[in-house]
Each structure stands twice: as C-alpha cells, then as structure tokens.
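Here the structure comes first, spelled out in structure tokens, and everything after it is commentary.
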Amino acid sequence: MKKHNYSAGPCILPQEVFEKSAQAILNFNNSGLSLLEISHRSDDFVAVIEEARALVIELLGLEGKGYKALFLSGGASLEFLMIPYNLMKENGKAAYLDTGTWASGAIKEAKIFGETVVVASSKDKNYNYIPKGYSIPADADYFHCTSNNTIFGTQMKEFPSVDIPLVCDMSSDIFSRTLDFSKFDIIYAGAQKNMGPAGTTLVVIKEEVLGKTGRTIPSMLDYEKHIKAESMYNTPPVFPIYASLLTLQWLKKLGGIAAIEKLNNAKAALLYAEIDRNPLFRGSAVAEDRSTMNVTFLLNNEAHTPIFDAMWAEAGISGLSGHRSVGGYRASMYNALPLESVQVLVDVMKALESKV
Ligand code: PMP
C-alpha cells in the first residue's frame with residue numbers, strides 16, 4: 035500500500051512521474067534504449083532538457099523577461115557559493131537575511147568571498163519567525179533570502195523591494211505558490227522537493243545581473259558558461275532532469291502554480307486548524323509566518339509521544355518526525371501530497387484526543 039509520505043525531501047512526487055520515469059529507464063521513447071544509456075547530446079535528451087528549461091520559465095511567468103533556466107548539479111548547497119562567486123564584486127559586499135539553518139549555510143559561504151552583512155536574524159527564537167522591518171544596505175552587491183525554511187516551518191509571505199539584485203533560495207517552496215517571480219534576479223532550488231529527485235538544482239537567472247564582479251570564476255562555477263553551453267557545460271544529470279520534466283508537465287496539466295496553490299492552501303488550512311483546535315498539540319512557528327509546505331508542531335505532553343507515533347505509523351503515515359533542531363513533528367506537504375493524506379493525519383490527531 036502506498037504510504038502517506040510527509041518526508042521533507044527527497045519527498046513524494048506524482049505517481050505518474052514514478053511510473054513514466056520507470057518506463058523511461060527500461061525503454062526511453064520506444065527507442066529500444068534506456069534513458070540511462072543514451073548520450074546527453076542525443077536528440078531525444080536535448081529535447082528533454084530544452085522542454086524542461088522552457089517549462090520552468092513558462093510556469094514562473096518569466097517568458098520574454100531576460101531569464102534563463104539552468105539544471106546544474108551540486109545541490110542548492112553549491113549555489114551558496116556560486117551566488118557570491120558570480121555576484122559579489124572584488125572588495126564588494128552582500129546582504130543576507132538569516133531565517134534558519136540553510137540561510138546561515140549560505141551566509142557562511144558568502145563570508146569566504148567578502149563582507150557579508152546579516153540584515154536580520156531570527157536565531158534568538160530558534161528561527162520560529164521571519165524577521166521584518168530590517169533595512170538593506172543600498173550599496174550591497176545583492177540581497178539573499180530563503181523563501182521557505184524547511185526545518186523550522188516558516189515562510190516569507192512578502193519580499194523586500196530592493197534596487198540591488200534579489201536572490202532567493204526557493205528550494206522548499208518553488209512552484210507551490212504564485213509570486214511575482216520577476217522581482218527576483220536569481221532563484222535557485224534543489225530539485226528534491228517540488229520538482230523531482232535529488233541530483234539536479236534549478237537556477238533561474240536574469241542574465242543582465244551577471245558579468246559584473248571582476249572576479250575570475252572557475253568554469254564549473256560560472257553561470258555565464260553554463261548559460262552559453264545551454265545547461266550542458268558538462269554531462270548533465272539526465273535522470274533527475276527527465277523526472278523533473280515529467281513533474282513540470284504534470285503541474286502544467288493541473289493548471290500550473292495557481293491551481294496547485296489552491297490545493298496547498300487547503301492542505302495547510304486543514305492541518306493548522308487541527309493543530310490550533312486540538313488541545314494536545316501546538317504549532318512551533320508563529321502563526322503569521324507559518325509555512326504551507328512544512329508544518330512543524332509539538333505534543334504538549336511528551337508522554338503522549340509513543341502512542342501518537344504508533345498511531346500514525348499504523349495509519350500508513352511516513353516521514354513525520356521533526357528535525358532534531360526543532361523536535362516534535364514536521365509534516366512536509368509538497369505539491370504531490372494529496373489532500374486525503376492530510377485528512378488521514380488530522381483523523382489520527384483527533385483519535386489521539388479521544389484515546390488519552
Ligand atoms: N536550502 C533549503 C531551503 C533546503 O531545504 C535545503 C535542503 N533541504 C537546502 C538548501 C540544501 O539543499 P541540497 O541538499 O540540495 O544542497
């Protein structure tokens with residue numbers, strides 16, 4: 035039986051993506067060859083990466099606005115250093131918002147390159163909120179933020195308007211909600227939440243922000259080289275890119291980001307309502323900054339842990355344990371998680387109330 039998969043990433047993908055990608059491994063496009071054994075330069079694979087790059091731009095509403103989509107490797111973590119390499123001038127500075135483990139990971143790498151101003155941090159409260167009312171130095175080379183904090187369950191609902199390049203790590207909420215994506219100059223995201231399996235990283239770049247640092251950038255870390263090579267500077271990770279294409283096609287067929295956003299809002303409303311109603315539980319993020327993707331919550335009485343854990347496991351739920359730095363539970367509800375799975379979890383929470 036298929037589990038209700040609340041894993042934080044890698045995570046649930048649409049069932050049809052599992053089926054079609056399995057088929058492509060056995061016999062890709064009826065070619066008599068596996069997707070895994072063809073050249074990345076073959077017509078069949080070039081068509082895959084081209085369609086995937088175009089679909090990203092289309093779904094984000096960025097057509098004709100000077101953006102290029104790249105499928106790189108090295109995870110979102112490699113972007114932590116590619117961003118300063120490509121945007122921070124020699125003797126320049128960068129501004130960062132510190133909203134959690136991943137944001138501070140990005141800050142750590144930027145510090146290697148030059149002055150890194152942390153404009154605000156929510157570390158004082160174990161990152162359970164999004165700082166607001168901060169000011170961003172106008173002479174910074176760029177501002178970097180993290181739209182959704184996978185571990186702590188917070189999400190930025192608004193983004194600052196800045197006159198410097200705006201860079202955002204959208205690893206855990208890309209394609210989940212409508213935003214004016216043209217506000218951002220670089221968006222990056224590891225594939226393994228809303229887009230596909232681990233192994234490729236999506237980077238969407240407004241080309242005009244590149245080439246201004248005066249730095250010598252190693253080729254593999256140079257966005258301009260990747261753009262020039264049409265995202266094939268070296269052998270791309272063919273399988274994650276193909277599975278990402280299937281997920282993007284699935285999303286387009288559903289009605290795009292606006293359609294999935296409605297479903298994501300319904301899932302989040304259902305679960306947060308139960309957390310707020312049920313006297314056995316409390317949410318760990320402040321209400322106004324709650325994430326629709328990663329819902330973090332705790333049992334008020336830790337003695338209930340073994341019984342609750344046994345109940346959700348029995349109901350076919352997987353991946354609900356919280357991250358060690360928050361404790362409790364984390365329900366990751368990415369695009370492919372059906373509303374029915376959330377109802378199963380809510381029913382278990384209700385059943386716990388009548389049992390203890
Ligand atoms: N940023 C965010 C917001 C994440 O959630 C993660 C991974 N969970 C990362 C960065 C790191 O991604 P990767 O493992 O692809 O390097």
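Residue 35 is where the sequence shown starts when you use our numbering, and the numbers rise one by one after that. Where is the CB? At the ideal position from N, CA and C, for every residue including glycine.
For the candidate residues the options, whose alpha-carbon lies nearest to that of residue i?
{"i": "Val329", "options": "Thr339, Phe186 and Ile351", "result": "Phe186"}
{"i": "Ala174", "options": "Glu192, Asn160 and Gly148", "result": "Gly148"}
{"i": "Glu295", "options": "Arg211, Ala321, Gly98 and Ser181", "result": "Arg211"}
{"i": "Phe177", "options": "Asp207, Ser55, Asn162 and Leu131", "result": "Leu131"}
{"i": "Leu115", "options": "Ala56, Met327, Ile251 and Phe218", "result": "Ile251"}
{"i": "Asn160", "options": "His338, His357 and Glu124", "result": "His357"}
{"i": "Pro270", "options": "Lys36, Asn63, Gln57 and Ile83", "result": "Ile83"}
{"i": "Ser73", "options": "Asn268, Leu285 and Ser156", "result": "Asn268"}
{"i": "Gly289", "options": "Phe209, Val390 and Gly233", "result": "Phe209"}
{"i": "Ser111", "options": "Met345, Lys142 and Ala58", "result": "Lys142"}
{"i": "Gly362", "options": "Asn369, Thr339 and Ala370", "result": "Thr339"}
{"i": "Val272", "options": "Trp284, Leu285 and Gly233", "result": "Gly233"}
{"i": "Lys166", "options": "Asp158, Ile146 and Pro194", "result": "Pro194"}
{"i": "Leu285", "options": "Tyr40, Ile59, Glu92 and Asn64", "result": "Glu92"}
{"i": "Lys145", "options": "Ala128, Lys99 and Met35", "result": "Ala128"}
{"i": "Ala172", "options": "Asn162, Lys217, Gly126 and Met204", "result": "Gly126"}
{"i": "Phe331", "options": "Ala337, Asp310 and Ala347", "result": "Asp310"}
{"i": "Lys389", "options": "Val360, Leu314 and Lys36", "result": "Leu314"}
{"i": "Glu113", "options": "Ser156, Met35, Met204 and Ile164", "result": "Met204"}
{"i": "Gln369", "options": "Tyr40, Lys36 and Cys179", "result": "With the sequence shown as reference, residue 369 is identified as Asn, and Gln is not the correct amino acid for it. It is Tyr40 whose Cα lies nearest to the Cα of Asn369."}
Beta-carbon of residue i versus every beta-carbon of chain C: anything under 8 Å?
{"i": "Gly362", "result": "Chain labels in this structure do not include chain C; a single protein chain is all it has."}
Give me, in chain order, the residues of the same chain whose beta-carbon lies closer than 7 Å to that of residue i; leave out the 5 immediate sequence neighbours on both sides.
{"i": "Lys102", "result": "Ile239, Glu241 and Ile261"}
{"i": "Phe342", "result": "Leu333 and Leu386"}
{"i": "Ser206", "result": "Gly43, Asn182, Thr184, Lys227, Met327 and Asn328"}
{"i": "Val380", "result": "Leu304, Leu305 and Glu308"}
{"i": "Glu85", "result": "Leu279"}
{"i": "Phe215", "result": "Leu94, Gly95, Leu96 and Ile221"}
{"i": "Ala292", "result": "Thr212"}
{"i": "Gly100", "result": "Lys240, Glu241 and Glu242"}
{"i": "Lys217", "result": "Phe193 and Leu200"}
{"i": "Phe62", "result": "Ser68, Leu69, Ile72 and Asp78"}
Compute the beta-carbon to beta-carbon distance between residue i and residue j, rounded to the nearest angstrom, for a pair I have assumed lies under 8 Å.
{"i": "Val51", "j": "Ala223", "result": "Val51 to Ala223, Cβ: 17 Å. No contact."}
{"i": "Leu89", "j": "Leu282", "result": "4 Å"}
{"i": "Thr247", "j": "Met122", "result": "6 Å"}
{"i": "Arg249", "j": "Glu124", "result": "6 Å"}
{"i": "Val378", "j": "Ala344", "result": "That belief does not hold up - the Cβ atoms of Val378 and Ala344 are roughly 15 Å apart, past 8 Å."}
{"i": "Arg55", "j": "Gln189", "result": "Correcting the residue identity first, residue 55 is Ser in this sequence and not Arg. Not quite, the Cβ-Cβ distance comes to about 29 Å (not below 8 Å), so this is no contact."}
Among residues of its own chain, excluding the 5 on either side of residue i, which ones have a beta-carbon nearer than 6 Å to its beta-carbon?
{"i": "Arg87", "result": "Ala103"}
{"i": "Val196", "result": "Ile170 and Phe177"}
{"i": "Tyr257", "result": "Asn120, Ile239 and Leu244"}
{"i": "Asn312", "result": "Met383 and Glu387"}
{"i": "Gly230", "result": "Pro274, Ala277, Ser278 and Thr281"}
{"i": "Asn335", "result": "none"}
{"i": "His38", "result": "Gly350, Ile351, Ser375 and Val378"}
{"i": "Ala225", "result": "Thr234, Pro274 and Ser278"}
{"i": "Met266", "result": "none"}
CB-CB under 8 Å to residue i, same chain, minus the five flanking residues each way: which ones, in chain order?
{"i": "Val376", "result": "Lys301, Leu304, Leu305, Ala365 and Met367"}
{"i": "Leu373", "result": "Leu297, Ala300, Lys301 and Leu304"}
{"i": "Asn64", "result": "none"}
{"i": "Trp346", "result": "Leu354, Leu379 and Val382"}
**Study point:** Meets three-Cβ-pair contact criterion under 8 Å: the segment 144-152 and the segment 200-218
**Key:** no
Quick test of the definition: if touching needs 3 or more C-beta pairs under 8 Å, does the segment 182-196 touch the segment 129-139? Because the criterion of three Cβ pairs below 8 Å is met, the segment 182-196 and the segment 129-139 touch.
_Check whether the segment 41-54 and the segment 349-358 are in contact - that is, three or more C-beta pairs closer than 8 Å._
At 8 Å Cβ cutoff, the stretches touch.
Query - Any heavy atom of the ligand PMP within less than 6 Å of residue CB: hits in chain order - result: Gly43, Gly109, Ala110, Ser111, Trp136, Thr180, Thr184, Asp203, Ser205, Ser206 and Gly224
Open item on the list: Below 8 Å, how does it come out for the segment 92-112 and the segment 72-79: are there three or more Cβ pairs, yes or no?
Closed with: no
Given 8 Å as the limit, is there contact between the segment 308-322 and the segment 221-235, that is, 3 or more CB pairs closer than that? no
Counting pairs of beta carbons, one from the segment 64-71 and one from the segment 229-238, are three or more of them closer than 8 Å? no
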